[in-house]
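Remarks on the structure that follows.
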Amino acid sequence: MRDGGGDLPLPLHHRSDELRILDDLAQRVERVIGVLPDGWAEQRAAIERYRDSKRAFLPVLAHRDLHDGQFITTEQDIALLDFDCLCLGEKALDVANLIAHLSLRYLQGLSGATPESAEAAGEALLEGLDRSQERGFIKALRFYQATTFLRLALVYELRPRWWHIVPDLVTLSQRCSRDLCRC
19 MRDGGGDLPL PLHHRSDELR ILDDLAQRVE RVIGVLPDGW AEQRAAIERY RDSKRAFLPV
79 LAHRDLHDGQ FITTEQDIAL LDFDCLCLGE KALDVANLIA HLSLRYLQGL SGATPESAEA
139 AGEALLEGLD RSQERGFIKA LRFYQATTFL RLALVYELRP RWWHIVPDLV TLSQRCSRDL
199 CRC
């Protein structure tokens, strides 16, 4: 990546970094409201074994906060916003975050999203990327989905309007962990 006249170094984002970010956010939430969502700490502990901090991967450019709200579209163009978390990471990082946010939208009842439409959109994205057969991709996808759902549970625990979806976000993270066990 170039920035005017020089190289712009990007950090390498590992699974251990994802867990560290999650833990930092959990500490802040706990300081603010004194408690974590029910089942959150147990689920965080459950995904620890999938850290694979030493696992080698071919890094790709990653947004690290990719979700539907980061896109602006017109009839002819599409633009991507908010590059403050830009890094090099696993191929599954952004895909998992985007798919998790599709589920968030149906939990929020936004944009007419349903569980079926969120699942269909996620499947279409995966089919279009054609990475499902790549070694380790699905395992990485489920890991990053699990961490995304846990992060969203913390974020929405601080938003009274959305408290009612927090247990569902923890449950979705748990489902991703169960899938991880099968990979």
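Here the sequence shown stands for residues 19 to 201, where the numbers follow this note's numbering. Where is the CB? At the ideal position from N, CA and C, for every residue including glycine. All values reported here derive from a predicted model rather than from experimental measurement.
- GLY140 sits in a helix when the DSSP states are folded into three classes.
- Annotation for ALA80: the continuous beta strand (DSSP E) segment containing it runs 78-80.
- In the structure shown, THR91 falls within a strand segment according to DSSP collapsed to helix, strand and coil.
- The shortest C-alpha to C-alpha distance from GLU108 to any of LYS157, GLU137, SER129 and ALA138 is the one to LYS157.
- Taking the Cβ atoms as the reference, PHE155 lies roughly 14 angstroms from TYR68, outside the contact range of under 8 angstroms.
- Boundaries of the alpha helix (DSSP H) around CYS199: 184-200.
- A distance below 7 angstroms separates the beta carbons of PRO55 and VAL188.
- In the DSSP assignment, LEU106 falls outside any alpha helix (DSSP H) and lies within the beta strand (DSSP E) extending over 105-107.
- For ALA164, same chain residues with a beta-carbon under 6 angstroms away, outside a window of 5 residues either side, are ILE65, SER191, CYS194 and SER195 in chain order.
- For PHE155, the enclosing alpha helix (DSSP H) starts and ends at 155-175.
- Annotation: the continuous alpha helix (DSSP H) that includes SER121 extends over 110-126.
- When DSSP states are grouped into helix, strand and coil, ALA74 belongs to the coil group.
- Collapsing the DSSP output to three states places ALA97 in a strand.
- In this structure, the alpha-carbon of LEU111 lies about 24 angstroms from that of SER129.
- The Cβ neighbour count for VAL50, taken over all protein chains shown within 10 Å, is under 16; the residue is labelled exposed.
- Between LEU176 and ALA114 the beta-carbon gap is near 22 angstroms, outside 8 angstroms, which marks them as no contact.
- Listed in chain order, the non-local C-beta contacts of GLY140 below 6 angstroms within the same chain comprise ILE117 and LEU120, local neighbours out to five positions each way being set aside.
- Taken atom to atom, the span from the alpha-carbon of ALA80 to that of LEU104 is near 6 angstroms.
- A residue is called buried when at least 16 other Cβ atoms come within 10 angstroms of its Cβ; LEU106 meets this threshold and is buried.
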